[in-house]
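Take any residue in the sequence shown, count from 1 to its spot, add 3: that is its number in the working numbering. Since the structure comes first, as structure tokens, the remarks are kept for the end.
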Amino acid sequence: MLITDDFLPVPVPESLSATYLVPMAGLPRVSAKTAVRALAGRLAEPVYGLAAQMLDSPLMSVDTRPIAEFPALPPDLLTAFGATGAQLDRLAAATHLVVVQAEYRPGWPPAHEWAARAVAAAVADTVGGDVVDVFGLQFLDPATALRSLPDDQGRIRLVDWVLVPYSSDADGLWFTTKGLRRFGLLELQTQGVPDHLTRAWGAVMTGAARRLLRDWTDGLAGEEVPAFVQLPVLATITGHDIAVAYGNPEQHGATAPVLLRLELDPATDPEADSFLSLRPPPGHPGPAGRYFAAACATLFNGIQPDVRYARRGDAMSAAIATARAGLDDIRARFLAGGLPGESQLVVKYGLPADEGPEYVWAGVTSWESPERIVGASVTDADTDPTVRIGSPVTIEATDVVDWAILDGTGVTEGGWTQAVLDADDRPTLP
């Protein structure tokens, strides 16, 4: 193996395993094979066939055990990763667990994960129960588990398989991934992230996971599993990586790439995990947090991904009126291809919320009807869990309060409400 300063050798495990649980009161009504056959037409053919094949092989086992024989699942961690009270109640009432386990070699596709999740979802579907992903300590209802599996082209949303938890420490926020080990890769971490970049850096971590996972699986593409895969020390992350990780590959994102340096942080405790750390590239002056903020500004085209609520006042009212007055003109320019090259049109619109509208941004992809805009979200929403970075959205023009044209340097036209929020001053109106 060639070792250079440009690549980092990362060890490859000999095999990978997946474990899923289906809690139930009583014994299963049907066999796992019968449950999987009931999914014909609901699962993409590659996964349906894979699940059936692995069920007939020694690579997968499906056992039903009294729940007392299985180590107790920690309710506090399950809650932290999204478990509802109803799901925890069903777990407490369960008498048995169906345990689905699969093993496979590192590489792509991750047959152990896809097949085990499909079989567990099939079994849970027959009893209206839940799937517990042991690796992620997550509850999944059967429909959610099935939606996370690959489509006919083998595509997945990485956010369905990799979580990005974070916590505070003395230097800021500490982000990690939880899910890359499913594929044999070490988890990522970033330390010293400024507090105001919570959502933005979570998206960057997800995009970085997508980029490095692609490099990782490319290194495992041969017939023999290597002992190491060499990952680039300088990882290049783009807006497209983020969009693809969130399941919207059509949105390439007119953003400049950012560089992140990859370092191996081996665990000193044999019981602890080693990490691949994401740091600023060599030669960056100043604290790491400053670079992370600049990277987010680049990847999100100058639009702050943090949720902002419009403030009342004459300046904001004037800004919204100005933006709305220009909607017909900017739509005509967009349809005529009259916007500057390598630029992107984004609109800001309101989502209903108990405390008043939450305003978020979306990139415009189609505007055939004056009343309706089709686009992709460039922010995560607090009030609507379906609105995530890269997710497709349909917007009523009456809900739009602002628009902007972006290039690689930021806002070049529009953005009047953002000017009020950022500068707390009356915008300059045309």
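Don't be surprised by glycine CBs; every beta carbon is placed ideally from N, CA and C. Here the structure is a predicted model, which means the values were calculated and not measured.
Local Cβ density within 10 Å of residue i, reported as buried at 16 or more and exposed below that
i	result
R334	buried
D128	buried
S151	buried
R314	Summary for R314: the model assigns pLDDT 39, below 50, so the residue's position carries little reliability; its value from the coordinates is reported in the next sentence. Per the 10 Å Cβ criterion, exposed.
T209	buried
D59	exposed
G175	buried
L30	exposed
G316	Any reading at G316 is ruled out, since the residue's pLDDT is 48, under 50, leaving its predicted position unreliable.
Q156	exposed
P74	exposed
Y312	Low per-residue confidence applies at Y312: pLDDT is 39, beneath 50, and the placement is therefore not dependable, though the value from the model is reported in the following sentence. Its Cβ having fewer than 16 others within 10 Å, Y312 is exposed.
E116	buried
D79	exposed
V423	buried
P433	Per-residue confidence for P433 stands at a pLDDT of 31, beneath the threshold of 50, marking its modelled position as unreliable; the derived number appears in the next sentence. Exposed, since its Cβ has fewer than 16 Cβ neighbours within 10 Å.
T193	buried
R202	buried
Q104	buried
R213	buried
G418	buried
Q90	buried
R185	buried
A61	Looking at the sequence provided, one finds Pro at residue 61 rather than Ala. Its Cβ having fewer than 16 others within 10 Å, P61 is exposed.
Q347	buried
G366	buried
T241	buried
P273	exposed
Cβ-Cβ distance between residue i and residue j below 8 Å
i	j	result
G353	E361	yes
P109	L279	no
W204	G182	no
L191	L262	no
A248	L215	no
S380	V396	yes
F10	P235	yes
L342	G187	no
T382	I392	yes
L149	R45	yes
P49	D133	no
F138	L81	no
W111	T179	no
L409	A296	no
W167	A35	The amino acid at residue 167 is misidentified as Trp; the sequence shows Val. No.
H99	R120	no
A54	A95	no
S277	L189	yes
V349	W370	no
D405	A326	yes
P12	Q233	yes
A47	I70	no
Supposed close pair residue i, residue j - CB separation, criterion 8 Å
i	j	result
T22	V102	7 Å
R375	A407	About 19 Å; that fails the 8 Å criterion.
V39	V122	6 Å
L24	V135	4 Å
P197	G292	5 Å
A124	P145	5 Å
I434	T415	As shown, the chain starts at 4 and ends at 433. That puts residue 434 outside it, with no answer to give.
P290	G195	7 Å
P14	A259	Incorrect: roughly 33 Å between the Cβ atoms, too far for contact.
T368	G378	5 Å
A43	Y51	7 Å
I245	V207	7 Å
Strand pairing of residue i, partner residues [DSSP]
i	result
Y352	V363, V403
E190	F278
W370	Beta-bridge pairing links W370 to no other residue.
K435	No answer is possible for residue 435: it lies beyond the span of the chain, which begins at 4 and ends at 433.
H99	M27, P69
V261	I240
Y107	L19
G225	Looking at the DSSP assignment, G225 forms no beta bridge with any residue, so it has no partner.
A384	Paired residue(s): none; A384 is not in a bridge.
M63	A105
W177	S170
D232	The question names Asp, but residue 232 is Val in the sequence shown. Partner(s): V13.
Q347	L409
I376	I398
E416	I408
V196	L176
E266	S280
Residue i: CB within 7 Å of a non-hydrogen atom of the ligand ADP
i	result
S20	Here there are no bound small molecules, and the ligand ADP is not part of this structure.
Minimum Cβ-Cβ distance from residue i to chain C less than 8 Å
i	result
A400	Note that chain C does not occur in the displayed structure, where there is just one protein chain.
- Whole runs of the alpha helix (DSSP H) within the segment 104 to 144, excluding any shorter than 4 residues: 114 to 130
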